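Oh and the sequence shown: position 203 is 203 in UniProt numbering, straight run, nothing missing.
One structure is given here, and the rest of the page talks about it.
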Amino acid sequence: MPSSLPLPLRRRCRRPFSTVVDLAHLSTPLMDPAHLSSLPKSTLLSAYSVTPPIHPWPRTLTQKRLSHLLRTQPDPHLSLRVFLHAAHFHSPAFVPSYPTYLSLVHRLVRSRLLSPLPSLLRLLRDSGTPCGEELFIVLIRAYSSSSKPSLSLRTFLSIPSFGVRASVRSFNALLNAMTQNRRYDLVALLFKNCQTRFRILPNVFTCNILLKAMLKLGDLSGALEVLDDMPEWGMAPNVVTYTTFVAFYCARGDMGSAREMADEIRSRGCVPDVTTYTVLVDGYCRAGRMGDAVKVMDDMEADGVAPNDVTYSVAIEALCRAGRSGEALGFLKEMLRGNHVPSSSLCCKVIDVLCEGGKVEDACEIWRRLLKKNVTPDNSVTSTLIYWLCKAGKVWEAKRLFGEFEKGFIPSVLTYNTLISGMCENGELQEAGKLWDDMVEKKCGPNDFTYNVLIKGFCKTGRPEEGVKVLEEMLDKGFAPNKFTIGVLVDGLSECGKEEEVIELLRNLVSRKGGNLGTESWDVLLRKAIKDTDTWKDTLSMALVT
């Protein structure tokens, strides 16, 4: 606004002048809506240009280029907008091909964005674009993974409306969807209509899915009839067929029938695969027949079938439960020699069972073998081994182990706490303090366990006043000591003849409105504070005021 205007006028004109024309006072609009509605959509759209959702938008759009754009967008919603812009607003007119539709479906499914899929299918059907069966198989599996079996069924039934004939591949995908979502009753119903309604000839995979569903329903006699009828249908049962029965018998604890069915595979001229053997090993382990489980492992080796990580894990966990630490360690070594990486939980179980039997050195060997295979143990394995080393009084070995781990990983609160606890238990308070400082420096915040351990450590070494300082910091950080820590701290102060400091501790907690202490902690504190104290009435009165 020009500064030459008089001051009163400038004050009245603080708002900038509007450039929007107010048309509300006009009795008739500038454009007749009836005229607009009579115009063809193409005529209206030709007068406007829609801003593309991404920049730069390709000047020449091809199917391959559009598919690439759909796959590479960081946001699936943006991929959908790109597709719709190309289909509706690109000039010249652009009709996405079936591979382009398939690229978008894959993009949406990977991101679990399923809500736009029905409208996308309608667009595909209305466009008359020739398509294939693969798109529907992807959708059937996607809906199954999202626990929407009814949409999987609806998708399968809609396939003919797109001019596509459903094959046994999409039918098997549908049966799998029903099985995965425990709709076993529908599997048998769909199978009955396989040829009569859907004009689909089932294959051995179809029968395997049917057998699995029937056995899940407990229909063993019906499943055995299907097994007998398969050769008449022109299908030879395969290893998967028999393994399905083996798994059923193992789940029921009928290991005799399970073994007979596994032997049936051999009589058919086939060799059981790793899944068959793993199911048998698991069945024997669950039945507590470890000798038979180990024998199955030997049979695997004789047949030239290499155990996988699941086979080893099943056997090792069972051996750990049985307390057979030596055999568990042997299988773990064999597992590593086979270039299988054991899970951290499995390693921890073996370490626990070894150390419970006093074999700490053997447990340390697991650590060394993992490093030799370029597999760095994680915080769980490290914490477990540190715990047992400290419990065996080998705190400096635990410290060295911690140092090696620290070179490649940032220790967790659990790992720090385990070593700090071990140091405190063994009277190494100075070393525990260094670990505390290192913990804070690396922004790995101490938790209530850390504080409780330090307080107990100071009391154990006759320095309860240091424990009080840690308690004050603990309360400042919003953590609460447990009843055992309170008991140890009060006992430590009393044993050092510091009854006045016990009263001061109580007064401090009262002034903090309870200091987040639970009922049990207060109970311990009051019982110990008023015991053998001349001023117990005053002490109790002071506490009751809160």
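Every residue gets a Cβ at the ideal spot worked out from N, C-alpha and C, and that includes glycine.
This structure is a prediction, so every number in the text was calculated from the model and none was measured.
| Asked | Found |
| --- | --- |
| What is the DSSP secondary structure of G132, reduced to helix, strand or coil? | coil |
| If you follow the alpha helix (DSSP H) that M255 is in, where does it begin and where does it stop? | 255-267 |
| Check whether the stretch 256-268 touches the stretch 304-318, counting contact only when three or more Cβ pairs, one atom from each stretch, lie closer than 8 Å. | no |
| Quick one: Cα of residue 547 to Cα of M214, how far? | Because the chain here runs from 1 to 546, residue 547 falls outside it and cannot be looked at. |
| To the nearest angstrom, how far is it from the Cα of N208 to the Cα of K359? | 47 Å |
| What first and last residue would you give for the alpha helix (DSSP H) that runs through V240? | 239-251 |
| Could you tell me the alpha carbon to alpha carbon distance between E356 and R321, rounded to whole angstroms? | 12 Å |
| Nearest CA to the CA of L78: which residue from T62, R107, S91? | R107 |
| What does a CB cutoff of less than 6 Å around F245 pick up in its chain, not counting 5 residues either side in sequence? | M261 |
| With distances taken Cα to Cα, identify the nearest neighbour of K394 among D378, P411, D219, E428. | E428 |
| How should T485 be labelled, buried or exposed, when 16 other C-beta atoms within 10 angstroms of its C-beta is the threshold for buried? | buried |
| Please state the DSSP three-state secondary structure of D273. | coil |
| Would you mind working out which of V314, G403, L153, C131 sits nearest R141, comparing C-alpha positions? | L153 |
| In angstroms with no decimal places, state the Cα-to-Cα distance between D292 and D273. | 18 Å |
| Can the beta-carbon of I420 be found closer than 7 Å to that of T384? | no |
| Can you round the beta-carbon distance between L135 and V105 to whole angstroms, since I take them to be within the 8 Å contact cut? | 6 Å |
| From C347 to A287, what does the alpha carbon distance come to, in whole angstroms? | 23 Å |
| For C424 and M255, what's the separation of their Cα atoms in angstroms? | 51 Å |
| Can you check which of these residues, H55, E264, C444, A188, is closest to T241 by C-alpha distance? | E264 |
| So for A166, helix, strand or coil by DSSP? | coil |
| Measure the alpha-carbon distance for E232 versus T129 and round it to whole angstroms. | 41 Å |
| Excluding the 5 residues flanking F479 on each side, which residues of the same chain have their C-beta closer than 8 Å to its C-beta? | N447, D448, Y451, N516 |
| Work out the CA separation of F198 and L186 for me, nearest whole Å. | 15 Å |
| In angstroms, rounded to a whole number, what distance separates the CA positions of L217 and Y184? | 7 Å |
| So I200 and F156 are supposed to be a Cβ contact under 8 Å. How far apart are they, rounded? | 10 Å between Cβ atoms; not a contact. |
| Buried or exposed: where does S521 fall if 16 or more other Cβ atoms within 10 Å of its Cβ makes it buried? | buried |
| Give the straight-line distance between the Cα atoms of P411 and T376, rounded to the nearest whole angstrom. | 12 Å |
| Is DSSP giving A93 helix, strand or coil here? | coil |
| Nearest to G310 by CA position, among L506, L493, F331, is which residue? | One point to set straight first is that residue 310 is Val, not Gly, in the sequence displayed. Checking every option, the nearest Cα to that of V310 belongs to F331. |
| CA-CA distance, F458 and L489? | 9 Å |
| Helix, strand or coil: which one does DSSP assign to W388? | helix |
| Can you tell me whether S158 is helix, strand or coil according to DSSP? | helix |
| From M235 to P118, what distance separates their C-alpha atoms? | 37 Å |
| For T382 and E317, what's the separation of their Cα atoms in angstroms? | 19 Å |
| Would F89 pass as a contact of L61 if the rule is Cβ separation under 7 Å? | no |
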